[in-house]
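Residues in the sequence shown are numbered consecutively from 1, following UniProt numbering. Heads up: the structure comes next, in structure tokens.
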Amino acid sequence: MTIKLIRDHGQHYRPRMACLQKLEAMVLEMQSGVKSSEQKLNITSIPHVITGDAAIWDIKFGIFFLPFLEARTMGTMLVAYGFIYPLQDHKRLILKPDGSLYRFQTPYFWPAQKWKVDDTDYAIYLAKRNIRKKGSLDVYEQENYNKLHKWLNYKWDFIVMQAKEQYRAGKERNKADRVVFDCQERAFWIVHRPPPRTHSAMDYGVDRLIDPNVEEVKGERARVMILACDVWKMLDLVTHYHNIHSAVTRLLKRGYHIFCTISTICTLITFNILLFFQKSSVHLI
């Protein structure tokens, strides 16, 4: 059992990813056209930083001469595939049309490299991050760390040794280079091991149901929305009737309780089953 049982974001089996080479050529052209500068992130000066509006402006006028919305969508695609990464809101892989700070990803971490994303590499990254942050990982990272510790227990000593060695090597760099590399590595793993229930350009099928532009919901309503999202994905596996999806969306937007929503879903499923048998009986006659 591996942590990527459902989501394998490696490129070794994705022949449809021919678009990555086109995006790579686009990024190479943008790197010489978008104005970059040195910006302070917390207390560290980061070189070659671009803003979201500058990137969209270059796509709109410097490359394709696209309308604004299409240029923004193209920029968001570059962020979602990991060619550009945000320096501030690093979990939100969209290109904001404002002064938000971004950087071009180093070619080593481009998805076009097609190197296999392995659980051992992810475990080393989490172990190194755990050492650097002194145990204060994000919630989903801590869960993944615990699972990997259990599943890869037979070689955990090797993983910790590699993490400590990489951590010591990183401390020998100057602070700016160390921060830049940490941002690059974190951006790579957010694309290939995204937080749960978030959008990823590498997703297939029902994993693509999450809209990254929806505002974050917190508290009790967040738990209801998470449970409803799981129910919605389960339904998509067994039915293709769009009226169920639209009904769930309307009910949740109006703030209905999850149990009321589930009962409505069951009613709709029953109705569609009866309708299916009714149509089948008509054909048989």
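The C-beta atom is built at its ideal place from N, Cα and C for all residues, glycine as well.
Name the one or two DSSP bridge partners that residue i has.
{"i": "Y140", "result": "Y140 is not bridged to any residue."}
{"i": "V49", "result": "S37"}
{"i": "V44", "result": "Per the sequence shown, residue 44 should be read as Thr rather than Val. Paired residue(s): L41."}
Exposed or buried, what is residue i when buried is set at 16 or more other beta-carbons lying within 10 Å of its beta-carbon?
{"i": "I190", "result": "buried"}
{"i": "Q105", "result": "buried"}
{"i": "E141", "result": "buried"}
{"i": "Y122", "result": "buried"}
{"i": "L237", "result": "Because the pLDDT of L237 is 44, which lies under 50, any placement of that residue in the model is unreliable, and the question is left without a value."}
{"i": "L148", "result": "buried"}
{"i": "K128", "result": "buried"}
{"i": "M202", "result": "buried"}
{"i": "M30", "result": "buried"}
{"i": "P47", "result": "exposed"}
From residue i to residue j, what does the alpha carbon distance come to, in whole angstroms?
{"i": "F61", "j": "L95", "result": "16 Å"}
{"i": "N130", "j": "F64", "result": "43 Å"}
{"i": "Q88", "j": "C19", "result": "27 Å"}
{"i": "D138", "j": "R92", "result": "15 Å"}
{"i": "K150", "j": "A169", "result": "27 Å"}
{"i": "K134", "j": "A54", "result": "37 Å"}
{"i": "T120", "j": "K164", "result": "14 Å"}
{"i": "G75", "j": "F83", "result": "10 Å"}
{"i": "A25", "j": "S32", "result": "12 Å"}
{"i": "R197", "j": "Q39", "result": "32 Å"}
{"i": "L66", "j": "W57", "result": "10 Å"}
{"i": "D98", "j": "P194", "result": "24 Å"}
{"i": "H192", "j": "Y145", "result": "15 Å"}
{"i": "K35", "j": "F188", "result": "23 Å"}
{"i": "V180", "j": "N153", "result": "31 Å"}
{"i": "C183", "j": "V117", "result": "18 Å"}
{"i": "N213", "j": "S200", "result": "Because the pLDDT of N213 is 46, which lies under 50, any placement of that residue in the model is unreliable, and the question is left without a value."}
{"i": "Q113", "j": "S136", "result": "31 Å"}
{"i": "R178", "j": "E143", "result": "26 Å"}
{"i": "T44", "j": "A176", "result": "6 Å"}
{"i": "W156", "j": "Y167", "result": "16 Å"}
{"i": "Q21", "j": "W110", "result": "10 Å"}
{"i": "L41", "j": "V79", "result": "19 Å"}
{"i": "P86", "j": "R103", "result": "7 Å"}
{"i": "T51", "j": "M77", "result": "16 Å"}
{"i": "V160", "j": "T73", "result": "40 Å"}
{"i": "L69", "j": "Q162", "result": "44 Å"}
{"i": "N174", "j": "R132", "result": "16 Å"}
{"i": "S37", "j": "F158", "result": "40 Å"}
{"i": "I59", "j": "H90", "result": "22 Å"}
So residue i and residue j are supposed to be a Cβ contact under 8 Å. How far apart are they, rounded?
{"i": "L23", "j": "Y81", "result": "6 Å"}
{"i": "S185", "j": "Y125", "result": "Here the sequence assigns Glu to residue 185, which means Ser is not the residue at that position. With a Cβ gap of about 7 Å, E185 and Y125 count as contacting."}
{"i": "L101", "j": "V27", "result": "Wrong, their Cβ atoms sit about 17 Å apart, outside the cutoff."}
Taking 7 Å as the threshold (beta carbon to beta carbon), is residue i in contact with chain B?
{"i": "A123", "result": "Considering every chain present, this structure includes no chain B. It has just one protein chain."}
What are the complete beta strand (DSSP E) segments, minimum 3 residues, inside the region 80 to 161? 84 to 86 and 101 to 104
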